[in-house]
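Here the protein sequences come in this chain order: A and B. Our numbering applies: residue 1 is where the first sequence begins, and numbers increase by one. Our numbering applies: residue 1001 is where the second sequence begins, and numbers increase by one.
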Amino acid sequence: MSAPPAPAADADPDGEKPAIEVQGLTKRFGDKTVVDGFDMTVPRGTIYGFLGPNGSGKTTTIRMMCGLLTADGGTGRCLGFDIRSQTREIKERVGYMTQRFSLYEDLSIRENLDFMGRMYRLDRRRERVSQALEDLGLAGRSGQLAGALSGGWKQRLALAACLLNQPMLLLLDEPTAGVDPKARRDFWDEIRRLADNGVTVLVSTHYMDEAVQCDAIAYIAYGRKLIEGPTADVPRRVGLTTWRVEGPGLAMLAQALQGAPGVEQVARFGSALHVSGTDAATLDATAETRSASGPQRWTRQEAGLEEVFIHLMGGARDNFAAASADVDGS
Amino acid sequence: MAPEPATGRRPSRNGFSPARFGAVLVKEFVQMRRDRLTLAMMIAVPIMQLLLFGFAINSDPRHLPTLVEINDQGPVSRAFLAALETSGYFDVQGRVAGASAAERALRRGEATFVVVVPDGFERALVRGERPAILLAADAGDPAATGGATAALSGIVARVLETSLTGPLSHLRPPEAAFSVVVQRHYNPAGVTSFNIVPGLLAVILSMTMVMITAIAIVREAERGTMETLIATPVRPAEVMLGKILPYVLVGYVQTAVFLTLALLGFQVPFAGSAVAFLLGLNLFIVVNLSLGFLFSTVARSQMQAMQMSFFYMLPSILLSGFMFPFAGMPGWAQVLGSAVPTTHFIRILRGVMLKGAGLGDILDELGALAAILAVVAGLAMARYRQTLD
């Protein structure tokens, strides 16, 4: 993305600068570094996936971006506002959906939306709240306590609450955790619709089917970013080669392949085995030998996101230095 | 800044927003209304405590169980025992025989006092040998026996006067060279509830205000709602005031209920200035709310907030002069007691209600409360964070 010659204005809520731009973001709790030198650029209007294992620092990073936590190091801008000194301006324009349902369970659905509307001092508040209730399909149940809603409805209510101020940037922290597949699908349709209207979305997730829906992804582990790029580009950047194996006796084969030359990872996908490694030549050689001798059918294929993430997760500790060097180089 | 028609947000000002403050206030009231049990407790607690303490506590106990061991019966010892009973302090419930039986009765708590009239008492008395009657008391609880033993000298004097007549009148002690006249001000009848009830208002207000505020704020953090709240542009002052003000009103309701019951039910006087009372009341409520707020910035769970409130309650009951005389404490304890707001409010309450104090009489106490408020509020502000760090 090439930015046009922008004026020197600091604040840029509606402009063409990236929605999020952070460099060297660092956060320590006690002597534990939770986020370590994190860089990220999220262009306007994209859906940006934020992936990584539990405890990898995703939530902390998101909280720093919207001013809920103060970074110990690094700089950054969110919608053009400084994430340290202009948190109020950021909060006015960002919708933040927490990982855990954090509206008031002892307030009714309407009272919760009304409260959020007042917090953002919205005009035509009643009208907006009523409209949001209509859109949610909760107009008939608006007097019900939020705590009585099921998980899927709570998630929809939370999203409606953080859309009330019509934010330019949505920060969604594992929004679909514990939500059924149908509700997840509906949720992602909504996200896609918002992005088409120019809203930037940063969403953290554990689900691969959600990751592939993102325009770009970043993978974070142990507080450090391992890889970042357009979703379709990421497997190539990791440089992973995958062979798909089908046929009888896969369980035995999986055992036998552990530690075979070039094989770094063997994962079961339904009725097939995905055998991956970064050393393509050695892996190919092993595959040729095995496919000649065994009853299984071997096919070489593009490594998918899932293989890539299993690879990153497994190798994050050991290959820490190598992986980050890779990213720096790309 | 460019107009933002798309967001429909009112133009951003960076000051205190009455609208947001009002929103927090309304939310607190709605939540309070939904929490029926807590609401009922806030009203029921003062009534229950007032009835319990007002009726049950007596700092000048009477009708204490007494046993007698009479080894020599005569007119004077009979008169003495009769006088013990009529004083109201001693309830002679029976006789014991022998020192070991008397000791056992005291040890088992069957008697608070054992009176022993020694062998040959009457004869020794007549001979002018000044014999002694033994009153063995269970002094393990000084408050229980204090009033009764203090009444003894009066009882003895009366017995001497009425029974040493005719030939024995020479045994009477001579008149004292001077006498002391005692004037009991403010509570001449020594009614315990006049002392307890005003202090109780301070203790109950302190208990509910500190605990409820601390819990109300920690609850937001514990349930995760604080994260949503501070992700909005809300200012700390808007949250703080919006959360505290509803509980000021709760304090008013508690005070009104309590005072009505105290004045009508217990006939506790209210002799002084209402203005002084109201000033003290408001200052006291605000001090306690800020104390609760301070606790909430330290506690990580509602349970911890509760424990801290209880930790604070003991000194405010025991060192404040509510239960025990302040002047009777050692210097260091008085210093500690002076740091507790309850101490000063109890003085204001007793001053205004019993002693008819006016504004001028309670200035020192108001000043002390203001000083405590400044320190507590300062600490609370410094500790309150608008971020999650």
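Cβ coordinates follow ideal geometry from the N, Cα and C atoms, glycine included.
Who does residue i pair with in a DSSP beta bridge?
i: A/Phe101; result: BP columns for A/Phe101 are empty, so no partner.
i: B/Leu1025; result: BP columns for B/Leu1025 are empty, so no partner.
i: A/Phe340; result: Residue 340 of chain A falls outside the range modelled here, since chain A spans only 1 to 330, and no answer is possible.
i: A/Ser108; result: A/Leu145
i: B/Met1041; result: Answer is none; B/Met1041 lacks a bridge partner.
i: B/Ala1137; result: B/Phe1113
i: A/His274; result: A/Arg244 and A/Ala267
i: A/Asp173; result: A/Ser204
i: A/Tyr96; result: A/Leu171
i: B/Leu1283; result: Per DSSP, none; premise fails for B/Leu1283.
Secondary structure at residue i, three-state DSSP: helix, strand or coil?
i: A/Gln166; result: coil
i: B/Val1248; result: helix
i: A/Pro230; result: strand
i: B/Asn1065; result: The question names Asn, but residue 1065 of chain B in the sequence shown is Pro. Reduced to three states, the DSSP call for B/Pro1065 is strand.
i: B/Ile1057; result: coil
i: A/His311; result: helix
i: B/Ile1047; result: helix
i: A/Asp36; result: strand
i: A/Gly239; result: coil
i: A/Pro4; result: Note that A/Pro4 scores 42 on pLDDT, short of 50, meaning its location in the model is unreliable; the coordinates nonetheless yield the value given after this. A/Pro4: coil per DSSP, three-state reduction.
i: B/Tyr1312; result: helix
i: B/Phe1121; result: helix
i: A/Ile83; result: coil
i: B/Asp1091; result: strand
i: A/Lys17; result: coil
i: A/Glu302; result: strand
i: A/Gly74; result: strand
i: B/Gly1265; result: helix
i: A/Gln296; result: coil
i: B/Arg1184; result: coil
i: B/Gln1302; result: helix
With residue i and residue j assumed to form a contact (beta carbons below 8 Å), what rounded beta-carbon distance in angstroms separates them?
i: A/Cys214; j: A/Tyr48; result: 6 Å
i: A/Leu145; j: A/Glu92; result: That belief does not hold up - the Cβ atoms of A/Leu145 and A/Glu92 are roughly 29 Å apart, past 8 Å.
i: A/Ala19; j: A/Val42; result: 5 Å
i: B/Asn1187; j: B/Leu1354; result: 6 Å
i: B/Leu1319; j: B/Met1329; result: 7 Å
i: B/Leu1281; j: B/Leu1369; result: About 11 Å; that fails the 8 Å criterion.
i: B/Ala1136; j: B/Phe1113; result: 7 Å
i: A/Met313; j: A/Leu171; result: Wrong, their Cβ atoms sit about 23 Å apart, outside the cutoff.
i: B/Leu1067; j: B/Ala1105; result: 5 Å
i: B/Val1117; j: B/Ile1070; result: 5 Å
i: B/Val1092; j: B/Glu1085; result: 6 Å
Output the distance between the C-alpha atoms of residue i and residue j, rounded to the nearest integer angstrom.
i: B/Ala1377; j: B/Pro1341; result: 13 Å
i: B/Gly1224; j: B/Gly1337; result: 37 Å
i: A/Gly55; j: A/Glu228; result: 19 Å
i: A/Gly178; j: A/Gly151; result: 7 Å
i: B/Val1286; j: B/Ala1202; result: 13 Å
i: B/Ala1305; j: A/Gly140; result: 39 Å
i: A/Ala280; j: B/Ile1230; result: 50 Å
i: A/Ala325; j: A/Gly259; result: Reliability of the predicted coordinates at A/Ala325 is poor, the pLDDT of 42 falling under 50, and no value is obtained from them.
i: B/Leu1278; j: B/Thr1260; result: 15 Å
i: A/Asp180; j: A/Ser291; result: 40 Å
i: B/Ala1124; j: B/Ala1099; result: 21 Å
i: B/Met1042; j: B/Arg1033; result: 12 Å
i: A/Arg333; j: B/Ala1237; result: Because chain A spans 1 through 330 in this model, residue 333 of chain A falls outside it and cannot be assessed.
i: B/Leu1289; j: B/Val1248; result: 8 Å
i: A/Met1; j: A/Gly117; result: Residue placement at A/Met1 is poorly supported in this model, since its pLDDT is 40, which falls under 50; the coordinates are not used for a value here.
i: A/Ile90; j: A/Asn165; result: 12 Å
i: A/Leu138; j: B/Arg1235; result: 30 Å
i: B/Gly1166; j: B/Val1159; result: 14 Å
i: B/Arg1300; j: B/Glu1222; result: 7 Å
i: B/Pro1075; j: B/Asn1195; result: 41 Å
i: A/Pro175; j: A/Arg125; result: 25 Å
i: A/Gly277; j: A/Arg121; result: 55 Å
Next item on the list: Please name the residues in the stretch 88 to 99 of chain A whose beta-carbon is closer than 7 Å to at least one beta-carbon of chain B, in chain order.
Entry: Arg88, Lys91, Glu92, Tyr96 and Thr98
Note to self: Any C-beta of chain B within less than 8 Å: which residues of the stretch 39 to 65 of chain A qualify?
What the structure shows: Arg63
Item checked: Chain-ordered residues of the stretch 1224 to 1255 of chain B with a beta carbon less than 7 Å from chain A -> Gly1224, Thr1225, Glu1227, Thr1228, Ile1230, Ala1231, Thr1232, Pro1233 and Val1234
Checklist line | Chain-ordered residues of the stretch 248 to 277 of chain A with a beta carbon less than 9 Å from chain B | finding: none
Item checked: Residues from the stretch 115 to 136 of chain A in contact with chain B, defined by Cβ distance under 8 Å -> Phe115, Met116, Arg118, Met119, Tyr120, Arg121, Leu122, Asp123, Arg124 and Arg128
Check: Which residues, taken in chain order from the stretch 1020 to 1037 of chain B, show a beta carbon closer than 9 Å to some beta carbon of chain A?
Finding: Arg1020, Gly1022, Ala1023, Val1024, Val1026, Lys1027, Val1030, Gln1031, Arg1034 and Asp1035
Item checked: Where the stretch 1290 to 1321 of chain B meets chain A: residues whose CB sits under 8 Å from a CB there -> none
Margin query: Please list, in chain order, the residues of the stretch 1181 to 1193 of chain B that have any C-beta partner in chain A closer than 9 Å.
Written below: none
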